[in-house]
Amino acid sequence: MIHFEDSYNKQQYGKIYNRFTSRYQKNVSRKKWDSLLIKMKDEYGKINHFTYIETANNSVRFNVNFEKGNQRFKLYPDNQILNKLGGLVYRDNPYLEKNISKITLPFDEGIWYVTQGGDSKKENNHYSINPQKKGFDFVLIDENKKAYNGKRSKNENYYSFGKNVLAPVDGEVISVIDGIKDNQPGHINRYYYAGNSIILKTKNNEFLFFGNLKKNSIKVKSGDIINKGKIIAQVGNSGRSYYPHLHFHIQNIESINSADGVKCYFDKVLVNNEERTNYSPTKGDLIQNK
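Take 944 as the starting number for the sequence shown in the working numbering and just add one per residue.
Structure (structure tokens):
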């Protein structure tokens, strides 16, 4: 992206425009292109540097650090024409690689099994869903590493179901969804995958998402300022959930539809009975608060 950065900073917008295919140029005129970049420069200033994020879905994604802030660029290389670009999408969502706040696990008792967590599809089935791609699913287990006792067709037989969910950091509640019934284990709600949920915003503008919560168990409302350790809800089986568990992830903005997932590190935890600090769990870990 050196050529883009250099040409942009020198206001040589035509050099960038000429990197795009004729198909793109038919949709975006040179006048419109120049106007777009002039507006961008007025608002954000010169480009300091690009940071590569990932290649996915036929696009290459970058965080772009400007003098006055950050934007996300998504470039679409043309597969038919070498060294040509087929499109550019940008937005000013803040880039956040990992949490800044010190965060504890969002529960207060027992040993929890990490059923989903990690940086690959093999470890984490959320990986292909951008806001959730760094997320976790947690299940409470007993000393025999079982998640339930009795018939597994009843929510009440799962140790996770109804357990308290705690605020892992101070913050403001900015979104609450409740009233979605809990599924019978083995069945899912295809209409609202997150189920009953809470979004908590920290002072560092991290957005903590708690999903699949128990119906009518949420104890906070939008606008509440809450302290770390407060009980905010109970674990449930709502949304796209086959069995009771807690879904948790961090995202960079409030909107679940356009957010980017943020890597989550917990401050102090016991992992497989060993003390760890600044740790991000992966699938198969047995974790509990220190």
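By construction, the Cβ of each residue, glycine as well, lies at the ideal position given by its N, Cα and C atoms.
CB contact flag (residue i, residue j, <8 angstroms)
i       : j       : result
Lys1226 : Gly1078 : no
Asn1107 : Phe1050 : yes
Lys1111 : Ile1199 : First, the residue type needs correcting, since residue 1111 is Pro and not Lys in the sequence shown. Not closer than 8 angstroms, so no.
Ser1160 : Gly1179 : yes
Ser1063 : Tyr1070 : yes
Phe1009 : Lys989  : yes
Asn1195 : Pro1037 : yes
Asp977  : Tyr951  : no
Thr998  : Asn1006 : no
Leu1048 : Asn1216 : no
Phe1016 : Leu1189 : no
Asp1125 : Lys1162 : no
Lys1220 : Asp1228 : The amino acid occupying residue 1220 in the given sequence is Thr; Lys does not appear at that position. Cβ atoms of Thr1220 and Asp1228: not closer than 8 angstroms.
Leu1109 : Gly1172 : yes
Asn1132 : Arg1183 : yes
Lys1206 : Lys1041 : yes
Asp1167 : Val1214 : no
Asn1098 : Pro1224 : no
Gly1204 : Asn1073 : yes
Ile1120 : Leu1151 : no
Gly1129 : Leu1083 : no
Buried versus exposed call for residue i [16 or more other C-beta atoms within 10 Å across all chains shown]
i       : result
Val1032 : exposed
Ser1181 : buried
Gly1114 : buried
Ser1238 : It is not possible to answer for residue 1238, since the shown part of the chain is limited to 944 through 1233.
Ser965  : exposed
Ile1043 : exposed
Lys1076 : buried
Tyr1185 : exposed
Gln1127 : exposed
Gln1014 : buried
Tyr1091 : buried
Tyr1134 : exposed
Asn1170 : exposed
Residue i, DSSP secondary structure in three states
i       : result
Tyr1033 : strand
Leu1189 : strand
Ile1141 : strand
Arg973  : helix
Lys1041 : strand
Pro1074 : helix
Asn1216 : coil
Ile1131 : coil
Ile1196 : coil
Leu980  : helix
Glu948  : helix
Gln955  : coil
Arg966  : helix
Asp1021 : coil
Tyr1136 : coil
Asp985  : helix
Tyr1056 : strand
Tyr960  : helix
Leu1048 : coil
Nearest-angstrom Cβ-Cβ length linking residue i and residue j, presumed shorter than 8 angstroms
i       : j       : result
Ala1176 : Ile1141 : 6 angstroms
Glu986  : Lys969  : Going by Cβ atoms, the distance from Glu986 to Lys969 rounds to 27 angstroms, so no, they are not a contact pair.
Glu948  : Leu1039 : Between Leu1039 and Glu948 the Cβ distance is about 22 angstroms, and since that is not below 8 angstroms, they are no contact.
Ser1118 : Glu1197 : 7 angstroms
Gly1093 : Asn1100 : 4 angstroms
Val1003 : Leu980  : At roughly 19 angstroms, the Cβ-Cβ gap does not stay under 8 angstroms, so Val1003 and Leu980 are not in contact.
Mind pulling the beta strand (DSSP E) runs of 3 or more residues that sit fully within the segment 1144-1194?
1150-1156, 1174-1177, 1189-1194
Where in the segment 1096-1120 do unbroken runs of the beta strand (DSSP E), each at least 3 residues long, occur, reported from the N-terminal end onward?
1107-1109, 1114-1120
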